[in-house]
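Here is the structure we will look at, set down as structure tokens.
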Amino acid sequence: MKPWLVVMLKELRDASRDRRALLSLFIFPVLGPAMIYFMFTKIIDLGEQVQDIELPVVGAEFAPDLMDFLRQNGITIKNLEMDVTAGSFSASVSTEVLAAITKRTYDFALLIPTDFGTQVTESQTVNVEIHHDSSRPSAGIKISRVQSLIEAWGRETTALRLLVRGINPSLIRPINVGRIDIASDQARAQSLLNMIPMFVIMAAFLSGVGIAVDATAGERERKSLEPLLVNPVLRSQFVLGKWFAAAVFSILGLIMVMTLNMVALSNVPLEELGISFNIGPTEIVGILLVTVPLAFFATSLQIFVGVFAKSFKDAQVYIGLMSLLPMLPYMYNILNTTGRELWMSLVPMLGQNMLLSDVVSGRTPALPDFALAAACLLLWSLVFIASAAKLLKRERIIFL
Amino acid sequence: MIRIENLVKHFGKVAAVDGISFSAKNGAITGLLGHNGAGKSTCLRVLYGLLKADSGKVLLDEIDVLQQPLLAQQRIGVMTDAHGLYPRLTAREHIAYFARLRGMSEEKIAQRSQLLLTQLGMQDIADRRATGYSQGEKMKVCLARALVHDPQNIIMDEPTNGLDVMTTRSVRSILHELKTANKCVLLSSHIMQEVSALCDEVIVIAGGKALYQGGLEQLLAHTKESNLEDAFVNMTGAAL
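Here the protein sequences come in this chain order: A and B. Per the numbering used here, residue 1 is the first one in the first sequence, and the count goes up by one each step. Per the numbering used here, residue 401 is the first one in the second sequence, and the count goes up by one each step.
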């Protein structure tokens, strides 16, 4: 058995008994897809909610015109049977409404005064109230929809009042702003799909980190480095073995995050958002080809930092900061307006991010892009590993 | 067989080892005796290839350690002063790890491990993980993994430091067996009784220099003292 293989098998056995290493292997690949699933179902829910609003009303019978207007605009009116003899805004009514909102029987309610009809006929300003809990963001969209409809009814009434008096209603309405939101649910969901590459890259970084740090900074901290290095084995063999062990964990994490993402996405009714998301065997092979070099890259960087760091804690700080790295290519891709250029394939992680975006959105990237990005990443990894092996020859690194 | 000639090693401007020469024979236990910071560990670390010498010659069975460190490392078993173990591996796994790194066959590993586990009285911890080992148990694992490949030369940095009587005894008996098997044993210590009980020859080190090499009786005669401790104090005191 080659020494690097001995080292790798030992580190894998050691890590498989290490709760910390196992935690860092499992936690992200499970949480990431769970988050994706949650966010997608939420988007679909929100889409359904706006189309389908049920409005609880106190005193609906006093404002039949307004109720008809709301119904015409797709709102379902639910009349709340309450004792309004003391008026709709009385303490007893508002306590009852408040209690119902607290108990989540409904999220909000519209209160209509008993003299609504008379006030309107006498051309007065009528007060209606919407009771709600603004700490519940889910109701926000519905409430603003209801409010804007009520205001629209108000404008219509104003126009009628003016017309009756022979005044052109446009006199008091010099401008009208029309807002058309083109951000469909589909677009929102698409931007979520674009997060998947970031999740995959993060998994590459987080899954192998436990083993990478424990095998380097941990080795020195528990004073087992000196006896280990007395064995007649080249330093590069030690570093290679530790690197491969960490990469194995990282690849496991990648496979896990991808499988669970597939499971999560296949359980979300994406058709409802008008997205076709077909990932077949070809795409899976594609994703693996893109991400396996990532696993080697991420762990080589961690091994280098682990050897370099003064202690376990030191290493954790550096590596904690490094975990932000996978977000950079994602951010860049969001802000990028110039499209794809050759140099982007050469930047570690940026190239992978773009390739993954392609695969996730159903495009097949060109082979040279694949090869170039992978080769570049592996080259960087080798630089890190060679530097780590070189560092390990320094007396100051061995005897800190 | 170990020979060191005019070894010099600086850390920055401080000379930790300043022209030491000595040798350790096969079939004998040789002790490096000196105060803390006298240069014993530095000397040994150069010898087992983890520190590079500034100048001088280090020969191990006629192999130049400074030129061919890996070849030399194949012929030595080392117990460093750092006794770090892997808390999640068992004693047997510790021994096997080092043996595999040295390219031993699985059959040979099983056979040697069993022998050492018995010799050092470690059967009860053989398959227990290292978390919670006592100082003595840790030490025995270190000793076993240093001896698993049956090396010709054995180097030990402060081997009985902090050990109880029983463990010290089993370490001593192993050392005597190694000596009988014509191995070359070199150990360092700052404890006089230790050295007088174990060693055939002593090298007294102070200030990075070897002040004396020879038998224990000759050392007493040399310093005109009646016991070893006085002889040691007399000699190193004079050098400071």
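Positions of the beta carbon are idealized from the N, C-alpha and C atoms, including for glycine.
Integer Cβ distance of V57/A from I27/A, believed to fall under 8 Å = Rounded, the Cβ-Cβ distance is 47 Å, inconsistent with contact.
Where V290/A sits in the DSSP three-state scheme | helix
Are the beta-carbon atoms of I201/A and M349/A separated by less than 8 Å?
-> yes
Straight-line gap, N406/B to E462/B (C-alpha atoms, nearest Å) | 16 Å
Nearest to A606/B by CA position, among I420/B, M539/B and R403/B, is which residue?
-> I420/B
Which partner residues does A371/A have in the DSSP bridge list?
-> None; A371/A has no bridge partner.
Candidates H483/B, R403/B and M522/B: which alpha carbon is nearest E221/A's?
-> H483/B
Contact check, D557/B vs D481/B, beta carbons under 8 Å = yes
Coarse secondary structure for S455/B, derived from DSSP in three states | strand
Kindly list, in the order they appear in chain A, the residues whose Cβ is closer than 7 Å to that of L489/B.
-> D14
Three-state class that DSSP yields for Y612/B in the structure shown = strand
Based on the DSSP secondary-structure assignment, which residues constitute the bridge partners of N553/B?
-> I476/B and C584/B
Partner residues on chain A for V478/B, Cβ-Cβ distance less than 8 Å = P227 and V230
Cross-strand partners of G431/B (DSSP beta bridge) = L587/B and V602/B
From the DSSP output, in three-state form, read off S134/A for me.
-> coil
Can you find a CB in chain B that lies within less than 8 Å of the CB of I398/A?
-> yes
Interface partners of E395/A on chain B, CB under 9 Å | F411, R445, L450, L451 and K452
Mind checking which residues open and close the alpha helix (DSSP H) that includes H494/B?
-> A491 to L501
Where K390/A meets chain B, residues with beta-carbon distance less than 8 Å = Going along chain B, no residue has its Cβ under 8 Å from K390/A, so there is no contact; the nearest lies around 14 Å.
Roughly how many angstroms lie between the CA atoms of I404/B and V585/B, to the nearest whole one?
-> 14 Å
Do I477/B and I429/B have their CB atoms nearer than 8 Å?
-> Inspection of the sequence shows that residue 477/B is occupied by Gly rather than by Ile. No, the pair does not count as a contact, with Cβ atoms beyond the cut-off.
Give the single residue among E617/B, F422/B, G437/B and M401/B whose Cα lies nearest to the Cα of T636/B.
-> G437/B
Thinking C-alpha only, which one of L611/B, K609/B, K540/B and A597/B is nearest N627/B?
-> A597/B
If you scan the stretch 500-544 of chain B from start to end, which runs of the alpha helix (DSSP H) of 4 or more residues do you find wholly inside it?
-> 506-519
Closer than 6 Å by C-beta to R502/B: which residues in its own chain qualify, once you throw out the five before and the five after it? Chain order, please.
-> H549
Using a C-beta cutoff of 8 Å, does V6/A count as contacting chain B?
-> yes
Per DSSP, the bridge partner or partners of L460/B = I402/B and I463/B
Would you mind working out which of D214/A, Y106/A, P365/A and L163/A sits nearest R17/A, comparing C-alpha positions?
-> D214/A
Are any of the Cβ atoms in chain A nearer than 8 Å to that of E500/B?
-> Here the sequence assigns Arg to residue 500/B, which means Glu is not the residue at that position. Taking Cβ atoms only, chain A reaches closer than 8 Å to R500/B, which makes this a yes.
Residue nearest to E11/A in terms of C-alpha spacing, selected from V128/A, Y37/A, G117/A and V239/A = V239/A
Proximal residues of chain A, C-beta to C-beta of C542/B below 8 Å | P227
Could you check the C-alpha separation between R394/A and G431/B for me, to the nearest Å?
-> 28 Å
Go ahead and label Q473/B buried or exposed: buried means 16 or more other beta carbons lie within 10 angstroms of its beta carbon, across all protein chains shown.
-> buried
Would you kindly work out how many angstroms separate the C-alpha atoms of P293/A and L378/A, rounded to a whole number?
-> 6 Å
Flag this pair as yes or no: are the beta carbons of A249/A and I211/A separated by less than 8 Å?
-> The identity of residue 249/A in the sequence shown is Phe, whereas the question assumes Ala. Closer than 8 Å, so yes.
So, does the CB of S224/A fall closer than 8 Å to a CB anywhere in chain B?
-> yes
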